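Notes for the one structure printed next.
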Ligand SMILES: [Zn+2]
């Protein structure tokens, strides 16, 4: 009834209704053509309102002890950004392999996690792992070697990368430019929500979580649903295991909210979402193939 009243308001009285319908029909193809290219169209995110990606960095024990069981219990899939040299990779390789078999992505977080020690606040960077002292060739080679290691674990050829410390440059060179063909995309550390046409696959935005509440994280998910955008979470410790941490309870509440709203949220590993974004951007001539 509300709809009918609305139509009457738009088209006017019965006497005028046919002529108005005819004139409106002429515009329908135009309207459809317009909407099919609008990124607000919910079809772009696997027919959901938004995409949410859960990422967990640094290959730490809590990934396998806390996170994988929590995700598996709710049939949610995440991305684990693996440091190739992490002792947890060697020690628990069978468990990483099982996690990949369950549909989680093993993403590449480099071999030794080099960060730019020349930047302010980087006293934690030792001379051996200082990205500012790396050559571009060495950086690229180590990241490719990590892909080989990850392929030996999960058998996959397509995955995503995450910049250690979010550092993208060595001197003036964006080193990932040489790695574009090795990955579906790369996650950065800048906070932001973007529609599918605006996502930069060389530097995907994300929200780094350290001590925030479930309410804060759920508000971000709601915002992504309203704006039809991509929301990426970056976690380190979950229930401990890292100095950047979120409590088990807050993390669990977030997962429950996502699960309860799964009809509206496309929850997928970064690689699946990145592949989808690339398809969209290439099809709409927003990005070269
Ligand atoms: Zn890291």
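Residue numbers (full-length UniProt numbering): 1 to 289. Just so it is clear, CB atoms sit at the ideal spot from N, CA and C, and this is done for glycine as well. Owing to the predicted nature of the structure, the values given are computational and were not obtained by experimental measurement.
Opening and closing residue of the beta strand (DSSP E) in which residue 266 lies:
265–267
C-alpha gap between residue 146 and residue 164, whole angstroms:
13 angstroms
Kindly confirm or deny that the segment 242–252 and the segment 197–213 touch, where touching means at least three C-beta pairs closer than 8 angstroms.
yes
Quick check on residue 176: does DSSP put it in helix, strand or coil?
Residue state, collapsed to three classes: helix.
Please state the DSSP three-state secondary structure of residue 170.
strand
Flag this pair as touching only if the segment 226–241 and the segment 50–57 have three or more C-beta atom pairs under 8 angstroms; answer yes or no.
yes
Beta-carbon distances below 6 angstroms to any heavy atom of ligand 1 define the shell here; list its residues in chain order, please.
57, 58, 109, 113 and 164
Rounded C-beta distance between residue 129 and residue 112? I'm assuming under 8 angstroms.
Between residue 129 and residue 112 the beta-carbon gap is near 5 angstroms, inside 8 angstroms, which marks them as a contact.
Give me the Cα-Cα distance between residue 155 and residue 242, rounded to the nearest whole angstrom.
29 angstroms
Taking the DSSP output, what are the residues bridged to residue 207?
233
Residue 108, buried or exposed, once every other Cβ within 10 Å from all chains shown has been counted against 16:
buried
Nonlocal neighbours in the same chain, by C-beta distance under 8 angstroms from residue 189, ignoring five residues either side:
163, 165, 166, 206, 208 and 234
Just tell me which of 280, 160 and 197 has its CA closest to the CA of residue 349.
Since the displayed the chain opens at 1 and closes at 289, residue 349 lies outside it and no answer follows.
Just curious, the beta strand (DSSP E) that residue 106 is in, first and last residue?
105–108
Could you say which of 204, 60 and 184 lies nearest to residue 80 if we only look at CA atoms?
Taking only the C-alpha atoms, the option nearest residue 80 is 60.
Quick check on residue 138: does DSSP put it in helix, strand or coil?
helix
For residue 285, which residues in the same chain have their Cβ closer than 6 angstroms to its Cβ, ignoring the five residues on either side in sequence?
none
Specify the secondary structure class of residue 30 as computed by DSSP and reduced to three states.
Only weak support exists for where residue 30 lies, its pLDDT of 44 falling under 50; the value from the coordinates is given anyway. Looking at residue 30 - three-state DSSP - the assignment turns out to be helix.
What is the residue span of the alpha helix (DSSP H) that residue 273 lies within?
270–283
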